[in-house]
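Below is one structure, written out as structure tokens; the observations come after it.
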């Protein structure tokens, strides 16, 4: 038994003198594992899928949510660790100085007083354990709640990933629209320049007035301005895409344009009911709201555990020594050795309404989480309904725009031939030309609005945004 006590004492002393650097080295090693993801290789070409894949790795919001999910995993471990006993070591070292301590002695029948300066040293050592045996199942419910919070955090990551997919798809399709708009304006400018040159010939031949030729020159300037505006819009959309990808604004970026025909524009639309039914089952924000309701319901049980008694066990060993004793250090440690064990029961009677208030607030949080779930479902249906209506309307406008462009193109070609023959004036030519440009722009708008809303509608139904990957050329 004496050997056991000596070994225990040595362990206590070593624990008291353990440098903090050892613990710090372990903590540093652990934190070193939580590094930001390595840089992802930049693709040579950017289609929709490569943009999404790159953003899922590099987008700051997604990475921040992933770190938050890792933090909730730590919370789960902390909640589980609360089931185990806690162990702590304590030590106190005291130095006591008595500079004016008096003592008396009898010498030859007379009392002699002496004053002395005396310094003593004493130390105390203890190892204590504490274990909460029962606290109304609060710890078990807390573990379940933290697990739910961890799942919610993981779903928040999935939600942010869906958000970035949707934002990139919108911006990517806007780039496709802007690129085709640039092409239309380039062709329009070329036609205007050709008409101006033809007008110069007619002016020299005396077939048109100088005012008519001036209108042709003004139209060239207008079309050149429209081209510059379209090019600036394209560059702005490309910058928005770079920002979503966390790329430097000066980073070179070649975007490949897919070939999009009527099969992409006029693809059959799923019903709103089918999309909503699939989205409710698949969308992570809905699942996260459902889990939040469960977590808040557990919160009520955790708060109610404050009404129940708690039972704890304590145990400890300790010893002490002092320099002012006639016993040796080993004898003092042996003589001062003590063991203790205890059981404590705490029964709440009145705690200034803290438990009751906690229960009431937990119930209110439960009601709030239910309303949040209902609001998420309503928002989801509103979004799906809006996408369906926009897609259906854009498809109808596209079909009408195709017919309008066909008739406008025919009318413009006839007027252009008559103008070249000197049979039509400049006003009639420019009017038909502007009608043609308007018809082309209406076709582009309805085309890409239909594609965007159809793609997003299918995305909410659970399909991937991979239907726009066939390449044509890069910009």
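Residue numbers (mature numbering (1 follows the signal peptide of the UniProt record, and there is no 0)): -25 to -1, 1 to 450.
From the three backbone atoms N, C-alpha and C, an ideal C-beta is built for every residue, glycine too.
Q) Start and end of the beta strand (DSSP E) containing residue 314? A) Along the chain shown, one-based indexing puts residue 314 at 339. 313 to 321 is the extent of the beta strand (DSSP E) around residue 314.
Q: Taking only the alpha-carbon atoms, compute the straight-line gap between residue 228 and residue 366 and give it to the nearest angstrom.
A: Within the chain shown, the letter at position 253 stands for residue 228. Within the chain shown, the letter at position 391 stands for residue 366. CA-to-CA, the gap between residue 228 and residue 366 works out to about 30 angstroms.
Q) Exposed or buried, what is residue 430 when buried is set at 16 or more other beta-carbons lying within 10 Å of its beta-carbon? A) Numbered from 1 along the chain shown, position 455 holds the residue referred to as residue 430. Burial call: buried.
Q) In chain order, which alpha helix (DSSP H) runs of at least 4 residues are fully inside the stretch 258 to 318? A) Taken in chain order, the complete alpha helix (DSSP H) segments of 4 or more residues contained in the stretch 258 to 318 are 259 to 279, 304 to 311.
Q: Give me the Cα-Cα distance between residue 395 and residue 403, rounded to the nearest whole angstrom.
A: As a working mapping, residue 395 is identified with position 420 in the chain shown. As a working mapping, residue 403 is identified with position 428 in the chain shown. If you draw a straight line from the Cα of residue 395 to the Cα of residue 403, it is about 12 angstroms long.
Q: Keeping to the same chain, check which residues put their C-beta closer than 8 angstroms to that of residue 341; ignore five residues upstream and five downstream.
A: Within the chain shown, numbered from 1, the residue matching residue 341 stands at position 366. Within the same chain, residue 341 has close Cβ partners 268, 271, 272, 274, 275.
Q. How is residue 108 classed by DSSP in three states: helix, strand or coil?
A. Position 133 of the chain shown, counted from the first residue, corresponds to residue 108. Here residue 108 sits in strand by DSSP.
Q. By how many angstroms is the C-alpha of residue 164 removed from the C-alpha of residue 233?
A. Residue mapping note: residue 233 aligns to position 258 of the chain shown, counting from 1. Residue mapping note: residue 164 aligns to position 189 of the chain shown, counting from 1. Residue 233 and residue 164: Cα-Cα distance of roughly 24 angstroms.
Q) What residue ranges within the stretch 103 to 189 form continuous alpha helix (DSSP H) runs of no fewer than 4 residues, ordered along the chain? A) Along the length of the stretch 103 to 189, whole alpha helix (DSSP H) runs at least 4 residues long occupy 113 to 179, reported in chain order.
Q. For the putative contact between residue 177 and residue 397, defined by C-beta atoms under 8 angstroms, what is the C-beta separation to the nearest angstrom?
A. Looking up residue 177 in the chain shown gives position 202. Looking up residue 397 in the chain shown gives position 422. Yes, they are in contact, since the Cβ atoms of residue 177 and residue 397 sit about 6 angstroms apart, within 8 angstroms.
Q.
Using a Cβ-Cβ cutoff of less than 8 angstroms, which residues in the same chain neighbour residue 168 once the five nearest sequence positions on both sides are dropped?
A. Stepping through the chain shown from its first residue, residue 168 is reached at position 193. Counting only Cβ-Cβ distances below 8 angstroms, and skipping sequence neighbours, we find 195.
Q: Look at residue 291 and residue 310 and say whether their C-beta atoms are less than 9 angstroms apart.
A: Position 316 of the chain shown, counted from the first residue, corresponds to residue 291. Position 335 of the chain shown, counted from the first residue, corresponds to residue 310. Between residue 291 and residue 310, the CB-CB gap reaches or exceeds 9 angstroms.
Q: Figure out for me which residue from 220, 93, 97 has the closest Cα to the Cα of residue 294.
A: By one-based count along the chain shown, residue 294 stands at place 319. When C-alpha distances from residue 294 are compared across 220, 93, 97, the shortest belongs to 97.
Q. Should residue 165 be listed as close to the ligand GDP, given that the test is whether its C-beta is under 8 angstroms from any heavy atom?
A. Ligands are entirely absent from the displayed structure, and the ligand GDP is therefore not among its contents.
Q) Contact between the stretch 99 to 114 and the stretch 63 to 70: three or more CB pairs below 8 angstroms? A) Put simply, the stretch 99 to 114 touches the stretch 63 to 70. At least three CB pairs are less than 8 angstroms apart.
Q. Between the beta-carbon of residue 380 and the beta-carbon of residue 415, is there less than 9 angstroms?
A. Here the question's residue 380 lines up with position 405 in the chain shown. Here the question's residue 415 lines up with position 440 in the chain shown. With respect to the 9 angstroms criterion, residue 380 and residue 415 are classified as neighbours on the basis of their beta carbons.
(Q) Per the DSSP calculation, residue 68 is bridged to which residue(s)? (A) Locating residue 68 in the chain shown gives position 93, where the first residue counts as 1. Answer by DSSP bridge pairing, in chain order: 98.
Q | Which listed residue (188, 209, 192, 344) has its alpha carbon closest to that of residue 263 | A | What you label residue 263 is simply residue 288 of the chain shown in a count that begins at 1. Ranking the options by Cα distance to residue 263, first place goes to 344.
Q: For my contact list, residue 159 and residue 370 are in at a C-beta cut-off of 8 angstroms; report their separation, rounded to the angstrom.
A: Taking the first residue of the chain shown as 1, we reach residue 159 at position 184. Taking the first residue of the chain shown as 1, we reach residue 370 at position 395. Cβ-Cβ separation between residue 159 and residue 370: approximately 21 angstroms, too far for a contact (criterion under 8 angstroms).
Q) Among the residues of its own chain, which have a CB less than 7 angstroms from the CB of residue 128, if the five just before and after it don't count? A) Counting from 1 along the chain shown, the entry for residue 128 is found at position 153. By the criterion of a C-beta distance shorter than 7 angstroms, residue 128 is surrounded in its chain by 43, 44, 47, once the five residues flanking it on both sides are discounted.
Q. Taking 9 angstroms as the CB-CB cut-off, is residue 55 touching chain D?
A. As a matter of chain content, chain D is missing from the structure shown, which is built from one protein chain.
Q) Residues in its own chain within less than 7 angstroms of residue 372 by CB, not counting five upstream and five downstream? A) Position 397 of the chain shown, counting from 1, holds the residue named residue 372. If we look at residue 372 and ignore the five residues flanking it on each side, its Cβ neighbours are 421.
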